[in-house]
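Residue numbers (the numbering used here): 59 to 627.
No residue lacks a Cβ here, since even glycine has one placed at the ideal position from N, Cα and C.
Since the structure is predicted, the reported quantities are computational estimates derived from the model, not experimental observations.
Comments concern the structure below.
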RNA sequence: GCGCCUGUAGCUCAGGGGAUAGAGCAGUGGACUUCUAAUCCACUGGCCGGGGGUUCGAAUCCUCCCAGGCGCGCCA
């Protein structure tokens with residue numbers, strides 16, 4: 059749409075004595091199609107010109123009466139607005155041409171060229187099953203990495219596995235006390251999880267267990283063989299389980315650098331901080347006092363000498379800058395860790411690192427049950443693998459019922475089931491908490507991925523019946539698309555590139571997800587009002603081009619969210 | 001106690017200075033001999049948490065209050 063706004067901007071700028079970009083910025087979309095396609099509000103001019111906005115709009119309307127551009131055909135005042143009407147035959151032709159010529163690249167941009175963006179996402183904790191809680195980071199991080207890549211950025215996805223920390227001390231204690239090799243072999247992750255939950259249950263009655271766990275973690279940090287052997291075993295078994303989930307979701311990381319990856323950098327990191335003179339001893343621990351900045355102290359080393367999460371994140375940030383020379387580092391991590399990242403960035407700043415502010419926390423809300431927060435420790439959680447499987451199963455059932463002759467039911471069921479789970483997470487603003495509700499996850503009607511996929515599949519079906527996958531372009535196609543549903547659809551397609559760019563700029567995949575719902579809805583309205591396979595050849599060909607363009611946008615858009623678009627379902 | 005986030009229709013949420021606040025779900029009624037009814041159409045449903053303020057204009061920005069959530073040195 060930017061393209062067309064600029065043309066109007068050039069026509070309007072000299073009349074209102076504003077720069078073209080400023081005019082473009084002011085242009086907005088009228089609430090109803092009958093009011094035109096782009097509107098220039100005259101309020102800001104009113105004060106300067108000492109006239110009412112309506113009078114200004116009227117005067118501008120007179121100046122432009124009889125005028126037109128390549129893409130707009132008239133300008134008419136209405137109240138305090140000057141409304142511009144697009145020349146739909148020309149505009150539609152242009153949009154369809156752009157979409158179809160762009161193909162898989164339609165919507166892409168090169169504004170991010172030269173950027174290297176490290177994205178820290180997913181990051182499940184070893185020894186715990188991959189819970190639904192980690193799905194948010196996983197799908198949001200993955201979508202962001204796809205979206206940013208579409209803007210020309212080079213993205214490096216890092217799975218910052220929680221493979222270090224005192225929980226390993228707990229696991230070792232639990233395993234040594236209650237562990238059973240046979241059970242571990244049978245169902246490693248669930249068994250480890252059982253031990254994890256049991257540890258916390260027993261520790262409530264016997265606080266000495268916690269102390270013992272701290273000791274074991276200390277031994278692990280020192281590299282004692284027994285501790286390391288357990289750690290390696292737990293880590294390997296967990297990772298094998300996670301890989302299955304990532305395979306199912308089609309996610310590949312550039313690196314699986316977990317927290318343990320930075321172990322041998324911790325001493326240097328602490329030394330670096332001490333050399334800069336910003337660290338101090340306090341109650342036996344090593345901290346950076348941030349009181350001046352309104353933040354609680356950042357602790358780098360506990361009194362028992364063990365390091366903390368923050369220490370490892372600092373080491374990781376230094377390592378990533380050194381290794382990848384990123385222009386931005388995104389941390390797709392829950393909002394409950396906001397303070398932690400504020401502290402991290404502040405410490406990096408105090409270390410004199412100019413790139414500190416390029417470390418950006420991309421927070422998201424909690425997933426909660428109706429009864430309250432999820433608690434891994436109490437065993438109150440839902441396994442991601444279960445959610446995915448149930449969604450796929452339900453999709454399969456529905457396909458069996460609605461489309462029993464479908465050839466690849468399994469891949470369609472996977473696309474729909476996985477899409478539902480992903481979309482449920484991506485379509486709402488990430489900062490908001492999500493209430494986990496099976497009914498909602500397993501609902502395929504309304505504002506869901508299935509709604510978008512269904513529109514896509516219908517288009518594929520029409521094109522199959524027409525016997526051509528890629529209809530041939532012909533000049534003047536846009537001139538045949540005069541129905542309100544057709545115009546609305548074309549206009550919506552035009553917004554795709556800027557929606558991606560908005561999503562990228564604000565790290566909000568939900569902008570794109572919502573937009574795709576709009577596209578699908580506009581298509582469905584069109585579908586019900588405008589038959590494609592009609593006798594009039596030019597109309598038929600024009601509509602085939604239109605739906606091919608819609609299919610392109612739906613497919614590209616879903617692709618950026620990590621969601622598949624099956625040809626049938 | 002302090003800090004951050006959230007509050008919009010019965011429920012879940014869009015909209016984040018601009019024209020009459022929109023969807024989905026749920027409810028009611030309609031549309032499949034016609035390109036897939038996982039769809040579409042219509043109706044019902046609102047002190048945009050509350051009070052002040054800024055502005056030509058506030059659901060949107062500021063401020064105070066209320067409610068909920070999340071944090072606040074030895075977890076991550």
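- request: For residue 338, write down the residues that DSSP places opposite it in a beta bridge.
  value: Residue 338 sits at position 280 when you count from the first residue of the first chain. Answer is 345.
query: Could you give the residue range of the beta strand (DSSP E) that holds residue 135?
result: For this step, residue 135 is matched to residue 77 along the first chain. Residue 135 -> beta strand (DSSP E) spans 130 to 136.
Residues near residue 600 by beta carbon distance below 6 Å, same chain, minus five either side: Here the question's residue 600 lines up with position 542 in the first chain. If we look at residue 600 and ignore the five residues flanking it on each side, its Cβ neighbours are 535, 538 and 539.
message: Give me the DSSP bridge partner(s) of residue 357.
response: Residue 357 sits at position 299 when you count from the first residue of the first chain. 345, per the DSSP bridge assignment.
message: For residue 353 and residue 394, I'd like the C-alpha separation in whole angstroms.
response: Residue 353 sits at position 295 when you count from the first residue of the first chain. Residue 394 sits at position 336 when you count from the first residue of the first chain. Each residue's Cα considered, the two are about 15 Å apart.
Buried versus exposed, by CB contacts within 10 Å (16 or more), residue 656: The displayed coordinates of the chain run from 59 to 627. Any statement about residue 656 would go beyond what the structure contains.
message: Runs of 3 residues minimum, wholly inside the region 75 to 119: which ones carry the beta strand (DSSP E) assignment?
response: Under the rule that a run must span 3 or more residues, the beta strand (DSSP E) segments found entirely inside the region 75 to 119 read 96 to 99.
field: Inter-stretch contact (C-beta, 8 Å, three-pair minimum) for the region 104 to 112 and the region 120 to 127
entry: Using a C-beta cut-off of 8 Å, the region 104 to 112 makes no contact with the region 120 to 127, since fewer than three inter-stretch Cβ pairs fall below that distance.
message: Here's a check: name, in chain order, each residue in its chain whose Cβ is nearer than 8 Å to the Cβ of residue 483, leaving out the five neighbours to either side.
response: Here residue 483 refers to the residue found at position 425 when the first chain is read from its first residue. Listed in chain order, the non-local C-beta contacts of residue 483 below 8 Å within the same chain comprise 193, 194, 197, 198 and 492, local neighbours out to five positions each way being set aside.
- prompt: Can you tell which of 440, 88, 132 and 362 has its C-alpha closest to the C-alpha of residue 66?
  reply: In the first chain, counting from the first residue as 1, residue 66 sits at position 8. Answer by Cα proximity: 132.
message: Please classify residue 372 as buried or exposed, where buried requires at least 16 neighbouring CB atoms within 10 angstroms.
response: Reading the first chain from its first residue, position 314 is the one you call residue 372. The residue is buried, with at least 16 neighbouring Cβ atoms inside 10 Å.
message: Using only the alpha-carbon positions, how far apart do residue 427 and residue 497 sit?
response: Indexing the first chain from 1 puts residue 427 at position 369. Indexing the first chain from 1 puts residue 497 at position 439. About 13 Å.
query: Should residue 317 be labelled buried (16 or more other beta-carbon atoms within 10 Å of its own) or exposed?
result: Walking along the first chain from the start, residue 317 turns up at place 259. That one is buried.
message: Need the endpoints of the alpha helix (DSSP H) that residue 239 sits in, please.
response: Within the first chain, the letter at position 181 stands for residue 239. Its alpha helix (DSSP H) spans residues 239 to 244.
message: Just to confirm before moving on: does the CB-CB distance between residue 210 and residue 177 stay below 8 Å?
response: On the first chain, residue 210 is found 152 positions in, with the first residue counted as 1. On the first chain, residue 177 is found 119 positions in, with the first residue counted as 1. Cβ atoms of residue 210 and residue 177: not closer than 8 Å.
query: Can residue 42 and residue 292 be called in contact, C-beta distance under 8 Å?
result: Outside the shown range of the chain, which is 59 to 627, sits residue 42, and nothing can be said about it.
task: Report the three-state DSSP secondary structure of residue 213 (helix, strand or coil).
output: Stepping through the first chain from its first residue, residue 213 is reached at position 155. If DSSP states are grouped into helix, strand and coil, residue 213 belongs with the strands.
task: Examine the ligand HEM and report whether any of its heavy atoms sits within less than 7 Å of the Cβ of residue 534.
output: The ligand HEM is absent from the structure shown, which contains no ligand whatsoever.
- prompt: Under three-state DSSP, which class holds residue 220?
  reply: The residue given as residue 220 occupies position 162 in the first chain. DSSP places residue 220 in the strand class (E or B) of the three-state scheme.
query: According to DSSP, is residue 263 helix, strand or coil?
result: Counted from its first residue, the first chain places residue 263 at position 205. Correct three-state label for residue 263: helix.
Where the beta strand (DSSP E) containing residue 420 begins and where it ends: Taking the first residue of the first chain as position 1, residue 420 is located at position 362. 417 to 420 is the extent of the beta strand (DSSP E) around residue 420.
message: Give me the DSSP bridge partner(s) of residue 183.
response: Stepping through the first chain from its first residue, residue 183 is reached at position 125. In the DSSP output, where bridge partners are listed per residue, residue 183 has 220.
message: Checking the sheet assignment: what are the DSSP bridge partners for residue 313?
response: Taking the first residue of the first chain as position 1, residue 313 is located at position 255. DSSP output for residue 313 lists 216 as bridge partner(s).
- prompt: Between which two residues does the alpha helix (DSSP H) harbouring residue 577 extend?
  reply: For the purposes of this step, residue 577 is identified with residue 519 of the first chain, where counting begins at 1. Unbroken alpha helix (DSSP H) run through residue 577: 567 to 587.
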